[in-house]
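Sequences listed follow chains G, L and R, in order.
Quick note on numbering: the working numbering labels position 180 of the first sequence as 215, and the sequence is numbered without any gaps.
Quick note on numbering: the working numbering labels position 78 of the second sequence as 143, and the sequence is numbered without any gaps.
Quick note on numbering: the working numbering labels position 244 of the third sequence as 346, and the sequence is numbered without any gaps.
The C-beta atom is built at its ideal place from N, Cα and C for all residues, glycine as well.
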Amino acid sequence: MGAYETSILTLVAINVILALSLNLISGLCGQVSLGHAAFFGVGAYATALLAKAGFGLWLTLPLALLAAGVFGLVVGFCSLRVRDDFLAIATMAAGFLFLGVVRTSDALGGELGISQIPETALGDFFPYFVVLCAVAAGLFCAWVKKSWLGYAFEAVAADEIAARSLGIDTPRFKLAAFALGTALAGVAGCLYAYYLGTVGAEAFGFPVSVMILAMVVIGGMGSIWGCVLAATLLTLAPEWFRFINDYKLLVFGLLLFMVMRFVPGGLFPLVLRQAARLRGGRAA
Amino acid sequence: MNAKLQTQAGGELLVIDDVGVRFGGIVAVDGVSFAVRDGELLGLLGPNGAGKTTLLRLISGVVDPTAGAVRFRGETLNGLNAARRAQRGIALSHQIVRPFRSMTLLENVVLAAGSAITRTPWRALATVDRRPLRDEAMRCLEMVGIAALADKLPTAQPLGVLKRLEVARALATRPQLLLLDEPLAGLGHGEALRLADLIRSLNQRGVTIVLIEHNLAEVMRICPRIVVLNNGRKMADGPAAEVMADPAVIEAYLGEGAALAEH
Amino acid sequence: MSLFLNLSSQGLINGAVYALIAIGLAMVFGLLRILHIAHAGLFALGGYLGLVITNATGSFALGLVLSMALVAVCGVLMYRLCYEPILDQPPYVPLIASVGMFLAIEELLRLVFGDHGLSYHVPPLAGAIEVGSMRIKYAEIAVVVMACVLLGGLALFATRTRIGMAWRATVSEPRMAASCGVSLRQVRYLNFAIGSAFAAAAGVMVGVLNNLVEPSMGAVPSYKALAIIVLGGLGNMGGTLVAALLLGLVEAFGATYLSNYLDRDSIAFAAMLCVLLIRPEGLFSGPARATGGLAKTLQLKGAAKWVLTKRPS
């Protein structure tokens with residue numbers, strides 16, 4: 036595999052982890068978050084600072100996970116105070132605040148960000164490590180979905196009042212979703228910092244949050260494979276359509292709109308339905 | 066978690082103690098007191114705006130009283146949210162049905178049966194197997210008579226079925242007290258009759274039930290004891306026949322054009 | 103002192119612009135519960151159309167009026183073709199669709215008119231007057247006047263005309279309004295038309311103030327507008343207006359004094375989060391609702407202050 040291919044593979048794997056992490060919060064638990072890139076950013080900046088201070092991957096990864104998870108808990112707490120309609124805006128606000136602080140903080144590199152992040156001790160094995168992380172993330176999310184936690188999340192997403200009347204303490208479960216999802220985003224952030232070698236504010240802005248949400252929604256809210264599929268497509272598409280580079284964002288915008296307009300359930304469930312239909316047709 | 070306090074058979078399970086609720090100038094409930102005994106089937110009646118819904122919300126935990134207290138097995142419920150009250154054994158079936166539409170009827174009830182597992186996110190995360198509770202859930206569905214529809218989604222089901230699902234779900238949490246919020250609302254005469262009979266039979270199996278209803282005929286028929294609210298105050302409390310013969314109660318209702326015919 | 107006046111006037115001017123943008127957003131959110139992010143695209147489109155038409159015809163009045171009219175039509179089309187078919191979907195569906203549309207509009211503007219933006223051949227409303235030690239541009243005065251006229255007109259319309267009252271009824275009780283014979287679809291068309299026209303006006307005026315329109319001009323104001331409608335309280339037009347002006351002021355002062363901690367654009371959000379933590383329903387609660395809302399408010403323990411809900415004036 037050439038350097039270009041491994042680079043793309045790494046990026047796809049990171050985006051898969053990101054999509055899966057938001058899927059925990061928004062897809063499984065129904066809490067629409069428009070600020071998820073901030074937690075990605077927390078993980079990345081934490082890693083950048085720690086790595087430059089000399090700490091190795093074995094320490095930066097768990098610390099990035101923790102930092103993002105704690106920040107996620109804080110935002111989660113705040114979001115509990117807000118009416119459901121406003122959750123999306125509140126999370127968006129959290130994202131902007133994160134950026135606002137980062138941009139004006141010299142310790143975090145201000146406008147320029149932090150660069151020259153040292154490589155991991157894994158060297159050439161790093162891309163494969165990232166893929167392993169993505170697989171682990173997928174397995175973890177599948178476990179959550181299958182467990183009673185996923186069951187409770189489904190109830191909270193469907194009807195909070197009904198969930199509460201069954202004894203499900205909805206604030207606690209929403210916080211759990213936030214904590215798990217943001218911690219996983221922190222992992223993605225850590226890997227991204229090593230991958231790119233630099234971190235800067237523009238990589239964690241509102242458009243990125245939208246992109247991540249788009250991956251989850253286009254894949255199919257809650258669907259693990261859907262996230263993988265959508266993350267892969269949306270990462271590779273700009274590469275495939277290099278010749279339309281100028282029109283890239285236009286196509287992306289139209290794509291988002293078309294999918295929502297015509298296949299709001301997401302592409303993966305659509306694929307499943309078509310597959311079932313084909314199987315049914317063959318049986319008949 | 067507090068150890069479950071034992072209630073003597075026939076002892077007081079739920080105590081509404083001089084409870085009042087004000088919303089900035091509007092008095093929804095004022096000085097209401099009564100107790101529900103273990104094993105009782107109590108009907109709570111009153112014209113629109115009498116405060117029945119508010120009282121229900123007081124018990125289920127949506128609202129806290131501005132005066133007085135609600136006590137359950139001796140412990141005051143003030144300050145506990147709806148989920149905590151459900152965990153302590155108060156189950157509620159909603160007036161406007163709230164099935165989880167992405168789950169089958171059985172899955173709806175299994176989730177309710179697993180209320181011990183969903184007590185904390187940790188325990189929920191650690192438990193994967195849903196099968197052990199399927200049998201219990203099926204029994205609840207059987208009790209309400211919709212076991213045949215176990216694998217169907219709620220979206221296509223008629224209201225009568227969904228109302229029974231509400232009851233099944235509430236039952237699956239193994240409650241000490243079952244609150245039924247207008248379970249007969251929206252049902253045709255025959256359906257309402259059958260559901261009322263079901264409620265009576267559940268009570269005969271030992272479930273303590275508080276029934277909030279508009280449907281006077283059925284409530285009179287199945288509830289041995291009735292409490293009537295009007296304008297936020299309790300205006301009657303006693304055996305059904307006595308209460309419904311009370312002239313003050315009749316006057317409160319005649320304005321609604323409701324019939325008080327004996328069943 | 104002059105700094106204070108300067109900042110205040112800047113704040114009010116920006117507040118006027120925010121108000122014009124936020125009202126459209128509030129109207130759509132109040133009516134349909136949709137976060138109409140594509141509104142930002144209409145804002146930018148309005149700015150471009152105003153500029154292009156003015157440059158082509160030499161008449162700013164024509165540019166302004168035509169821009170508002172055309173964008174109003176676009177807004178209605180957007181509702182009819184994009185939102186109406188997906189109204190029954192979960193809320194994130196129209197949200198993402200709206201974002202997609204916004205991106206598409208932004209990119210179309212970029213592709214048609216170029217990356218670097220356009221300027222007026224002859225800047226309209228040029229010149230300024232001196233008030234004490236301050237220099238206020240005519241354009242700035244025009245913005246404030248325009249906001250007052252348009253928003254005042256909307257208020258009159260909503261309270262004095264039958265259509266306006268039908269609109270208000272539809273916002274608070276759609277089913278009842280429908281059963282009284284109000285055509286929901288017509289009300290929604292009107293909603294989008296007015297909101298989009300106001301956004302276009304704001305876009306044109308921002309273009310005049312900066313003598314520049316560029317493709318991404320819609321992004322930042324619209325994010326702030328979202329914060330504003332939250333601050334203003336759901337469905338409360340008057341609250342949105344006040345919140346917009348307050349935000350303009352807070353930003354003007356905050357950008358000067360908080361620049362070491364927070365960059366200018368996130369002040370809006372910091373303010374919003376602070377307010378929400380203290381008062382989750384926003385600065386001004388929406389129109390009085392039925393017991394459901396009252397019961398929920400009673401749930402707020404600790405503070406236990408019950409504030410009577412305010413009716414929008």
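Proximal residues of chain R, C-beta to C-beta of Val105(G) below 8 Å: In chain order: nothing, as chain R lies at least about 17 Å away.
Interface residues of chain G facing Met129(R) [CB-CB closer than 9 Å]: Per Cβ cutoff of 9 Å: no residues; Met129(R) is ~15 Å from chain G at best.
Cutoff 8 Å: Leu215(G) Cβ touching any chain R Cβ: no
Leu100(G) versus Leu55(G) - alpha carbon distance: 15 Å
Ser281(R) Cβ short of 7 Å to the ligand MN heavy atom set: Absence of the ligand MN is noted for the structure shown, with no ligands found whatsoever.
8 Å Cβ shell around Leu314(R) - same chain, five flanking residues per side excluded: Gly219, Leu220, Ser221
Of the residues Leu313(G), Gly315(G), Thr45(G), Gln309(G), the one placed nearest Ala169(G), counting alpha carbons only: Thr45(G)
Proximal residues, the region 182 to 198 of chain L versus chain G, C-beta separation under 8 Å: Ile182, Thr183, Arg184, Thr185, Pro186, Arg188, Ala189, Leu190, Ala191, Thr192, Val193, Arg195
Cut-off 8 Å between Cβ atoms - residues of its own chain near Met295(G), not counting five sequence neighbours on either side: Val252
Inter-residue spacing [alpha-carbon to alpha-carbon] between Gly394(R) and Phe131(R): Here Gly394(R) scores only 31 on pLDDT, less than 50, and its place in the model should not be relied on; the value that follows carries that caveat. Approximately 20 Å between the Cα atoms of the pair.
Reduced DSSP category for Gly300(G) - H, G, I as helix; E, B as strand; rest coil: coil
Helix, strand or coil at Thr261(R) [DSSP, three-state]: helix
Assigned exposure category for Pro389(R) - 16 Cβ within 10 Å defines buried: Residue placement at Pro389(R) is poorly supported in this model, since its pLDDT is 48, which falls under 50; the coordinates still yield a value, given next. Pro389(R) is buried by the Cβ-count criterion.
Closer than 8 Å to chain L by CB, Leu59(G): no
Cβ pair Thr95(G), Ser114(G) closer than 8 Å: no
Identity of the residues DSSP links to Ile296(R) by a beta bridge: None; Ile296(R) has no bridge partner.
Chain G within 8 Å of Phe294(R), Cβ atoms only: no
Among Leu231(G), Leu201(G), Asn58(G), nearest to Cys262(G) - alpha-carbon criterion: Asn58(G)
Neighbour-count burial assignment, Val314(L), 16 or more Cβ in a 10 Å radius: buried
Buried versus exposed, by CB contacts within 10 Å (16 or more), Val261(L): According to the sequence as given, residue 261(L) is Ala; it is not Val. Under this definition Ala261(L) is a buried residue.
C-beta atoms of Phe355(R) and Leu132(G) nearer than 8 Å: no
Beta-carbon neighbours of Leu285(G), restricted to chain R and to distances below 8 Å: Leu205, Ala206, Glu209, Leu210, Leu213
Neighbour flag for Asp367(R) against chain G, beta carbons, 8 Å: yes
Chain-order list of residues whose beta-carbon lies under 7 Å from that of Ala73(G) (same chain, five-residue window excluded): Ala129, Gly130, Phe133, Phe239
Buried versus exposed, by CB contacts within 10 Å (16 or more), Asp159(G): exposed
Test item: CB-CB of Ala206(R) and Leu289(G) under 8 Å: yes
Contact check, Lys181(G) vs Val193(L), beta carbons under 8 Å: yes
CB contact below 8 Å: Ile124(G) versus chain R: yes
Glu207(L) in three-state terms, based on DSSP: helix
Contact set for Gly235(G): own chain, Cβ-Cβ below 6 Å, skip 5 residues either direction: Gly148
Same chain, Cβ closer than 6 Å to Ala48(G), neighbours up to 5 away in sequence not counted: Val165, Val166, Ala169
Contacts of Ala148(L) in chain A (Cβ-Cβ under 7 Å): Chain labels in this structure do not include chain A; the protein chains are G, L and R.
Counted within 10 angstroms of its Cβ, other Cβ atoms place Ala198(G) as buried (16 or more) or exposed: buried
In DSSP terms, what Lys239(R) is bridged to: Ala230(R)
C-beta atoms of Gly224(G) and Ala103(G) nearer than 8 Å: yes
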